[in-house]
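In full-length UniProt numbering, the protein residues as written are 1 to 429.
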Amino acid sequence: MADLLKNICTPDVWEEAKECLELLINRLKDRRITAAGGAIATVVLLLYAGRRARSKYEYIPKEDALANYPSLWNHSNLMAKHLTPDLYVKLINRKTRNGFTLDQAIQTGVDNPHHPHICSVGIVAGDEESYHVFAELFDRIIEERHNGYKKTSAHVSDMDPAKLKHGKLDENFVISCRIRACRSLKGFRLPSFCSRRERRAIESILKNVLGTMKGDMEGHYYAISSLTAEDRSLLITEGTLFDKPTSPLFTSSGLSRDWPDARGIWYTKGKCFTVRVNEEDHIKIIAMETGGDMEKLYERFYLGLKEIEKSVEGSGVSFMRNKHLGNITTCPSNLGTGLRVSALVRLPNLGKDPKFPAILSDLRLQKRGSEGSVSPVKDNIFEISNADRLGHTEVELVQKVIDGVSLLVQMEKRLQHGQQITDLMAYKL
Numbered sequence: 001m002a003d004l005l006k007n008i009c010t011p012d013v014w015e016e017a018k019e020c021l022e023l024l025i026n027r028l029k030d031r032r033i034t035a036a037g038g039a040i041a042t043v044v045l046l047l048y049a050g051r052r053a054r055s056k057y058e059y060i061p062k063e064d065a066l067a068n069y070p071s072l073w074n075h076s077n078l079m080a081k082h083l084t085p086d087l088y089v090k091l092i093n094r095k096t097r098n099g100f101t102l103d104q105a106i107q108t109g110v111d112n113p114h115h116p117h118i119c120s121v122g123i124v125a126g127d128e129e130s131y132h133v134f135a136e137l138f139d140r141i142i143e144e145r146h147n148g149y150k151k152t153s154a155h156v157s158d159m160d161p162a163k164l165k166h167g168k169l170d171e172n173f174v175i176s177c178r179i180r181a182c183r184s185l186k187g188f189r190l191p192s193f194c195s196r197r198e199r200r201a202i203e204s205i206l207k208n209v210l211g212t213m214k215g216d217m218e219g220h221y222y223a224i225s226s227l228t229a230e231d232r233s234l235l236i237t238e239g240t241l242f243d244k245p246t247s248p249l250f251t252s253s254g255l256s257r258d259w260p261d262a263r264g265i266w267y268t269k270g271k272c273f274t275v276r277v278n279e280e281d282h283i284k285i286i287a288m289e290t291g292g293d294m295e296k297l298y299e300r301f302y303l304g305l306k307e308i309e310k311s312v313e314g315s316g317v318s319f320m321r322n323k324h325l326g327n328i329t330t331c332p333s334n335l336g337t338g339l340r341v342s343a344l345v346r347l348p349n350l351g352k353d354p355k356f357p358a359i360l361s362d363l364r365l366q367k368r369g370s371e372g373s374v375s376p377v378k379d380n381i382f383e384i385s386n387a388d389r390l391g392h393t394e395v396e397l398v399q400k401v402i403d404g405v406s407l408l409v410q411m412e413k414r415l416q417h418g419q420q421i422t423d424l425m426a427y428k429l
């Protein structure tokens, strides 16, 4: 019965049905038949409600659905790999209670076949329910993107800074470090699909929350629409402000709508801790550090994130998260921890080695240019970051970057002296 209910119920109906099923099982074990009968009746009503919810999906004949299947023959993103014609036919008539559809979810992947540095996911969520309604597609993408993470897996969090080891990286090679986390406010649609009213409400909540920060976390919020052109240019150059997202990945997914309405930036006096509001996610929390002291950076990030989360909850709001996917985000690549840990590293020799991509893949690391996800590499400087977000704790991911970058630097030193690096590799050449 549980599998049947889960297949036909919307998330809220399913959660209520689970409680009733558990009650039913317990009552039957105790032979309290009257109470069990009440539980059975409730399950039946919920079953009917689930069918009613599903019946609201617009029926699209198979022939019409196939005629609308996107052209994906030249695509290399994960959506294109997993969205078969049969799966498209199965999902095309579904939409979330907010009205988000499969075609809206995949449009960014249809319009953007490739990414210059990574295999992109090619899909976004419009609301929290998207991951349930289109689970047959999202689960396949999540499993491949997050290194085998199963639909039955549970995400675990551990942010204890005391567990980090050897966190000071060689500053002869490491220029700076950065840690960011994405979060979404429960009860609102995600930025790819939210209304202007929702976006403004999110900004108001977060502006008030950030206004309560004290001590080292005290800062100021700036609405992007209120900044002069000179101020915007300066802050963008410093790397503090995010500019209008003009990349096709953003514009196709709806993230650039109404720019710069209800977008803003908050930062502390030293600009080493910043918060972006209504960019790719409702809130992006960023800590930065010149040099290679990743331990110091993570300590600051951890304390700041905890303070913000405490203030958010104190305002009567909470972040979107569940036991399976962890923190809910617009892009499936950021699910779980929502954490991206990166270091700008100078690798003039290793960066030219044909084995470099394979080395990074084996270490579960990614590379890109120093100026963003689609920027080219300049002056042999790479931004190295964790590939995984989901299925690992925060501390594990930070440690993975520390250990990985340390190994890359060791390889670079060897190559500078004309030495081999084969014995440092974890795989056979």
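Virtual Cβ for every residue (Gly too), placed ideally from N, Cα, C. All values reported here derive from a predicted model rather than from experimental measurement.
CA-to-CA distance, residue j to residue i, given in whole angstroms
i	j	result
ILE283	HIS417	45 Å
ARG97	ARG200	21 Å
GLU63	GLY99	23 Å
THR246	GLU279	12 Å
ILE402	VAL174	11 Å
LYS413	ARG346	11 Å
GLY292	ASN327	28 Å
LEU397	SER192	27 Å
LEU83	ASN77	10 Å
ARG276	PRO332	19 Å
PHE188	GLU198	7 Å
ILE421	LEU72	40 Å
TYR221	LEU249	27 Å
PHE273	ALA287	5 Å
ASN93	VAL121	22 Å
LEU350	GLN399	21 Å
SER233	GLY270	18 Å
LYS323	VAL156	8 Å
VAL409	PHE301	24 Å
TYR267	GLU295	21 Å
LEU303	LEU169	21 Å
LEU255	HIS132	21 Å
SER406	ARG364	14 Å
THR237	GLY369	16 Å
Residue environment, residue i, which counts as buried when at least 16 other CB atoms sit within 10 Å
i	result
THR152	exposed
TYR59	exposed
ASP379	exposed
PRO85	exposed
ASP172	It should be noted that the sequence gives Asn, not Asp, for residue 172. Under this definition ASN172 is an exposed residue.
LYS95	buried
GLU383	buried
ALA154	exposed
GLN419	exposed
LEU424	exposed
LYS150	exposed
HIS75	buried
GLY219	buried
GLY314	exposed
Residue of the options minimising C-alpha distance to residue i
i	options	result
THR329	ALA65, LEU185, LYS271, THR274	LEU185
SER342	VAL156, CYS177, LEU137, ASP139	CYS177
ASP388	SER76, LEU335, GLU230	LEU335
LYS163	GLY122, THR393, LEU407	THR393
GLY404	LEU360, LEU87, ASP423, PHE273	LEU360
GLU289	LEU424, ASP158, LEU344	LEU344
ARG183	THR337, LYS400, SER385	THR337
HIS166	LYS81, SER311, TYR298	TYR298
ASP258	ALA229, SER195, HIS114	SER195
ALA105	THR237, THR251, LEU210	THR251
ILE265	LYS207, LEU415, VAL124	LYS207
ASP103	LYS81, PHE134, ASP231, THR268	PHE134
ALA181	LEU407, ASN386, LEU415	ASN386
LYS352	MET411, ARG340, SER311	MET411
ASP281	ALA229, ILE202, VAL312, LEU227	ILE202
Contact belief for residue i with residue j at Cβ below 8 Å, rounded distance in angstroms
i	j	result
LEU66	ASP127	Rounded, the Cβ-Cβ distance is 27 Å, inconsistent with contact.
SER204	PRO260	That belief does not hold up - the Cβ atoms of SER204 and PRO260 are roughly 16 Å apart, past 8 Å.
GLU136	LEU91	6 Å
ILE123	ILE142	That belief does not hold up - the Cβ atoms of ILE123 and ILE142 are roughly 10 Å apart, past 8 Å.
C-beta neighbour in chain C for residue i, strict 9 Å
i	result
ASN349	Annotation note: the requested chain C is absent from the structure, which comprises a single protein chain.
The ligand GDP heavy atom lying under 8 Å from the CB of residue i
i	result
LEU339	Absence of the ligand GDP is noted for the structure shown, with no ligands found whatsoever.
Closer than 8 Å is the cut-off here; do at least three beta carbon pairs connect the segment 311-328 with the segment 344-364? no
Flag this pair as touching only if the segment 100-114 and the segment 145-158 have three or more C-beta atom pairs under 8 Å; answer yes or no.
no
- Query: Between the segment 207-219 and the segment 289-308, are three or more C-beta pairs nearer than 8 Å?
  - Reply: yes
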